[in-house]
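Visitor: The sequence shown begins at 1 in full-length UniProt numbering and counts up by one.
All residues carry an ideal CB built from backbone N, CA and C; glycine is no exception.
Being a predicted model, the structure only gives us computed values, none of them experimental.
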Amino acid sequence: MNKPSDILCIGAVLWDIIGRSASHMRQGSDVPGRITRLPGGVAMNIAMTLARFGMRPALLTAIGRDPEGDELVRACADLGMDTDHIYRSEDLPTDRYMAVEGANGLIAAVADAHSLEAAGSKILRPLMDGTLGSAEAPYAGPVALDGNLTLNLLEEIAASPAFARADLRVAPASPGKAERLRPFLAHGRALLYVNLEEAGLLCQREFTSSEAAAAGLLKRGATRVLVTDGGGAACDGTAEGLISQAPPAVLVTRVTGAGDTFMAAHIVAEAEGAPRAEALQRALMAAARYVSGDTAL
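#1: For A166, which option in A135, S115, A222, L284 has the closest C-alpha, if you only look at C-alpha atoms?
#2: Between G133 and chain D, is any beta-carbon pair separated by less than 8 Å?
#3: Nearest to S115 by alpha carbon, out of W15, L217, L106, V268?
#4: Rounded to a whole number of angstroms, what is the C-alpha to C-alpha distance between A173 and T228?
#5: Determine the direct distance from the alpha carbon of A137 to that of G293, and round the result to whole angstroms.
#6: In terms of residues, what are the limits of the beta strand (DSSP E) holding A195?
#7: Give the straight-line distance between the Cα atoms of S5 and M263, rounded to the nearest whole angstrom.
#8: Taking residue 343 and R282 to be in contact with their CB atoms under 8 Å, please state how far apart those CB atoms are, rounded to whole angstroms.
#9: Tell me the start and end of each unbroken alpha helix (DSSP H) in the region 230–277 that is at least 4 residues and wholly inside, in chain order.
#10: Quick one: Cα of D70 to Cα of I86, how far?
#11: Grab the span of the alpha helix (DSSP H) containing R125 for me, first residue to last.
#12: Is G11 near L145, with beta carbons less than 8 Å apart?
#13: On the premise that G188 lies in contact with L217, defined as a C-beta separation below 8 Å, what is that separation, rounded to the nearest angstrom?
#14: With burial defined as no fewer than 16 other Cβ atoms inside 10 Å of the residue's Cβ, what is the status of G231: buried or exposed?
#15: Specify the secondary structure class of P39 as computed by DSSP and reduced to three states.
#16: Between the Cα of G147 and the Cα atoms of T61, A249, R205, which residue gives the shortest distance?
#17: Take the Cβ of S210 as the centre, count every other Cβ of all protein chains shown within 10 Å, and call the residue buried at 16 or more, exposed below.
#18: Taking the runs of the alpha helix (DSSP H) that are 4 residues or longer, which of them lie wholly in the region 16–85?
#19: Pull up the CB-CB distance for P126 and L154, whole angstroms please, since I reckon it's below 8 Å.
#20: What separation, rounded to the nearest whole angstrom, lies between the Cα atoms of A274 and A239?
#21: For Y290, which three-state DSSP category applies?
#22: Which residue wins for smallest C-alpha separation from N195, given the options L185, A214, A186?
#23: Going by CA-CA distance only, name the one from P161, I157, T208, E206 that's closest to L185.
#24: Could you check which residue in L251, E117, A178, T49 has the C-alpha nearest to that of A286?
#25: Near L242, which residues of its chain fall below 6 Å by C-beta distance, leaving aside the five closest residues on each side in sequence?
#26: Straight-line CA distance for R84 to R74?
#27: Output yes or no for whether 8 Å exceeds the beta carbon distance between P57 and M25.
#28: Pick from I46, E272, Y193: whose alpha carbon is nearest that of V225?
#29: Is residue 300 near I63, with beta carbons less than 8 Å apart?
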């Protein structure tokens with residue numbers, strides 16, 4: 001018998017199609033490498049790391065009733081996730097993400113999350129109809145939310161009484177969607193996980209360090225932020241002060257999913273009662289192991 005879920009992961013669950021090469025690449029490069037297809041998406045990547053750490057995440061997302069969707073739902077269940085609350089669409093195909101990575105990092109990516117966007121608030125029904133919560137009896141556990149949702153839906157979540165008691169952890173899907181997180185700057189409870197570029201987009205200015213970015217986001221109204229900067233120092237910022245730590249130096253073999261791994265590891269550390277500095281350190285270590293290709297946790 002499966003144990004009850006202890007965190008909700010809301011957002012993109014799709015197929016990641018990733019081409020990786022050991023060569024440095026530029027526009028127009030044609031090089032040998034490997035192409036893989038794995039379950040992915042921001043919500044899925046976070047859920048996979050949470051599951052590896054022993055938590056049981058429940059997925060709130062949209063997946064098509066096509067063969068790819070059936071295969072994806074089975075893969076999620078096999079990885080230890082609660083798939084009972086997924087919205088399965090009859091007329092929307094299962095979403096996909098395609099990226100190309102070289103030795104010099106991410107070269108290009110295309111995210112086809114149109115089905116998730118089209119499903120809209122339908123993915124939130126279990127939090128509204130009493131299955132997991134309602135406006136009168138809000139869900140009171142942790143929620144990992146990704147920015148692949150539409151701006152209208154994110155604004156609805158930020159203001160909804162159904163999320164009034166949730167421990168809300170929010171991450172953008174990409175720098176191109178970072179500005180969708182503006183409703184959570186004044187949310188009062190949300191913790192924002194962003195990188196340096198995303199922080200700059202939210203504040204409409206450039207930052208040269210994670211500390212400066214964290215301070216800028218707090219000044220714009222954020223309650224708490226975690227800002228990463230690749231191989232540079234990351235910063236946990238609250239009104240109580242800023243905590244910065246540098247990540248371990250490792251050989252980078254992959255980058256897609258690193259931020260999601262960082263976020264999930266941080267959520268687990270705090271769920272286990274770790275203080276801010278320790279939780280930040282554990283998250284940085286998990287992300288370093290991920291980008292180095294070491295999946296041991």
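Guide: Let's see:
#1: Nearest C-alpha to A166: A135.
#2: No chain D is present in this structure, which holds just one protein chain.
#3: Checking every option, the nearest Cα to that of S115 belongs to W15.
#4: 14 Å
#5: 42 Å
#6: Before going further, note that residue 195 is Asn rather than Ala in the sequence given. It spans 191–195 - the beta strand (DSSP E) in which N195 sits, taken as one unbroken run.
#7: 18 Å
#8: Outside the displayed range of the chain (1 to 297) lies residue 343, so it cannot be described from this structure.
#9: 258–271
#10: 12 Å
#11: Start and end: 125–128.
#12: yes
#13: That pair is no contact at about 14 Å.
#14: exposed
#15: strand
#16: T61
#17: buried
#18: 42–52, 67–78
#19: Not a contact, Cβ separation roughly 18 Å.
#20: 19 Å
#21: Three-state result, Y290: helix.
#22: A214
#23: I157
#24: T49
#25: E211, A214, C235
#26: According to the sequence provided, residue 84 is Asp. The question's Arg does not apply to it. So the two alpha carbons sit approximately 11 Å from each other.
#27: no
#28: Residue Y193 holds the alpha-carbon nearest to the alpha-carbon of V225 among I46, E272, Y193.
#29: Summary: the structure shown does not reach residue 300, with the chain confined to residues 1 through 297, and so no result is reported for it.
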